[in-house]
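Written below as structure tokens is the structure these notes are about.
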Amino acid sequence: GALGVEVRAKDQDILDLVGVLHDPETLLRCIAERAFLRHLEGGCSVPVAVHTAMKDGQLYLTGGVWSLDGSDSIQETMQATIHVPAQ
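Sequential numbering from 3 applies to the sequence shown in our numbering.
So, in structure tokens, the structure goes:
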């Protein structure tokens with residue numbers, strides 16, 4: 003999962019404390035998921051879903067779109083090689 007934390011830029015003590023929570027893989031997955039939703043103009047009232055997973059340097063993104071009545075859907079998975087920076 004993802005956790006968003008907002009800290010004042012000049013509050014170094016707090017930045018140091020929450021810095022250990024940063025996970026580059028989770029950040030990359032969140033960026034990919036949000037880009038997918040943004041591209042499809044997905045929101046809380048749109049039947050769109052996305053899930054990502056990382057395995058062996060590959061990002062797997064599975065997305066789905068449903069008709070408003072739920073009778074039709076399109077689901078697809080794609081993968082890309084991603085370099086996750088070391089912490």
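Think of the CB as a built atom: it goes at the ideal place given N, C-alpha and C, for glycine as much as any other residue. Keep in mind that this is a model prediction, so the values were computed, not measured.
Is DSSP giving residue i helix, strand or coil here?
i: Val48; result: coil
i: Ile16; result: helix
i: His41; result: helix
i: Ala4; result: coil
i: Gly65; result: strand
i: Ala11; result: coil
i: Ala34; result: helix
Using beta-carbon positions only, say whether residue i and residue j come within less than 7 angstroms of one another.
i: Cys32; j: Ala55; result: no
i: Gly65; j: Thr83; result: no
If you draw a straight line from the C-alpha of residue i to the C-alpha of residue j, how long is it?
i: Ile16; j: Phe38; result: 32 angstroms
i: Trp68; j: Asp13; result: 44 angstroms
i: Arg40; j: Ser47; result: 13 angstroms
i: Val9; j: His53; result: 28 angstroms
i: Leu70; j: Thr79; result: 21 angstroms
i: Val86; j: Gly45; result: 28 angstroms
i: Pro26; j: Ala88; result: 8 angstroms
i: Tyr62; j: Ala11; result: 33 angstroms
i: Thr28; j: Gln81; result: 16 angstroms
i: Ala51; j: Leu42; result: 10 angstroms
By DSSP's criteria, residue i is part of a beta bridge. Which residues make up the other side?
i: Thr83; result: Gln60
i: Glu78; result: Gly65
*Using 8 angstroms as the threshold, is the segment 19 to 26 in touch with the segment 64 to 79, meaning 3 or more CB pairs across them?*
no
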